[in-house]
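Top to bottom, those sequences are chains S and F. Take 1 as the starting number for the first sequence in the numbering used here and just add one per residue. Take 1001 as the starting number for the second sequence in the numbering used here and just add one per residue. Even for Gly, the Cβ is constructed at its ideal location relative to N, Cα and C.
Protein chains: 2
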Amino acid sequence: MLSKKTQYAFRALAHLALEYGKGPVKISSISIEQRIPLKFLENILVELKNAGMLESKKGKGGGYVLKTSPKKIDLATVIRIINGPIALLPCVSLNFYEKCKDCDERTCGMRKMMLIARDATLKVLEKKTLEDIIKE
Amino acid sequence: MLSKKTQYAFRALAHLALEYGKGPVKISSISIEQRIPLKFLENILVELKNAGMLESKKGKGGGYVLKTSPKKIDLATVIRIINGPIALLPCVSLNFYEKCKDCDERTCGMRKMMLIARDATLKVLEKKTLEDIIKE
DNA sequence: TAATATCCTACAAAATTAGTAGGGATTTAT
DNA sequence: ATAAATCCCTACTAATTTTGTAGGATATTA
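Here it is as structure tokens:
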């Protein structure tokens, strides 16, 4: 399951997607309109910014904007930044890979199945974007 | 990601699948061979039993057996028993559904995307079984 | 220089996960 | 009947992760 933090991230990003092209949006207004705790949201937006998904501007008139079009921001990328791995096991994760102790990867049946599951999930999450979320 | 407990569960079930038809297997021998903490494994096996996946026998010569053929035990069922929901959001879970507060389910774009992702994942996890895990 | 806003570090509370302890209940063998 | 073997139940503890909060530093604008 996605953490609450990740759900907040998606709400904030959807908000920014709707304002895309209209200039910076303040954290505080996202916080209020999306009902997300202000300071928690700050952390989230900084993380997204550090990951290269957002740009920020300080001072009056400042705020956050999406760095690229909502069409180009896919859901898998967002999840990886805030939530972590998408795969069900570390040993089948593309971006957070960790070898498992006691199994031989070439023959491990569990791993094979989890690879298939991962691919099926990724095929969706890498194709769908913020655009898909906001379009009614 | 699957919890460590769930990974233990799969290892224990794969073990039982390999012994399927050969009589009960003791917790202690699963614990040793699969390197799973004994008391923790006890909890896991009782849960699987209470969920109807295993049968147990007490006393000498006792232990656990799969209640049905490894072919009939799919991965989604195991995950739901030990790990919980497979969906990425409570509002798109079939077995652990919870309504989300601030969204209209008919129009929520996030929900639509997560439904598609869930279906893709489930299609794999409901089709693959313990048999698939143990067959080399 | 004052106001506005993001950014940084650190902490704290709550929830979940992982594992342990100790003994009770049931079955089998002697 | 009794002892041994084995699962089963309740409760606790420890570790980790999640969900925040606090307070101020830094940058920008007017």
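Less than 9 Å divides the Cβ of Arg11 (chain S) from the Cβ of Ile36 (chain S).
Apart from the 5 residues on each side of it in sequence, Cys103 (chain S) sits with its Cβ closer than 8 Å to the Cβ of Cys91, Met110 and Arg111 in its chain, given in chain order. Contact between Ile81 (chain S) and Arg118 (chain S) fails: their C-beta atoms lie close to 18 Å from each other, not under 8 Å. Those residues of the region 1102 to 1127 of chain F placed with their C-beta closer than 7 Å to a C-beta in chain S are Asp1102, Thr1107, Gly1109, Met1110, Met1113, Ile1116, Ala1117, Ala1120, Thr1121, Lys1123, Val1124 and Leu1125, ordered along the chain.
Here Asp1104 (chain F) carries a coil assignment [DSSP, helix/strand/coil].
Here the C-alpha atom of Phe40 (chain S) lies approximately 46 Å from the C-alpha atom of Pro1070 (chain F). For Glu1126 (chain F), the three-state secondary structure derived from DSSP is coil.
Residue contact check for Leu1094 (chain F) against chain S: no CB pair falls below 9 Å. Thr1107 (chain F) sits exposed, since fewer than 16 C-beta atoms from the chains shown fall within 10 Å of its C-beta. For Leu66 (chain S), the enclosing beta strand (DSSP E) begins and ends at Gly63 to Leu66. Nearest CB-CB separation between Arg1035 (chain F) and chain S: below the 9 Å threshold.
Collapsing the DSSP output to three states places Ser3 (chain S) in coil. Under a criterion of Cβ atoms nearer than 7 Å, the residues of chain S adjacent to Phe1010 (chain F) are, in order, Met110. The region 1126 to 1135 of chain F and the region 122 to 132 of chain S do not touch, with fewer than three beta-carbon pairs separated by less than 8 Å.
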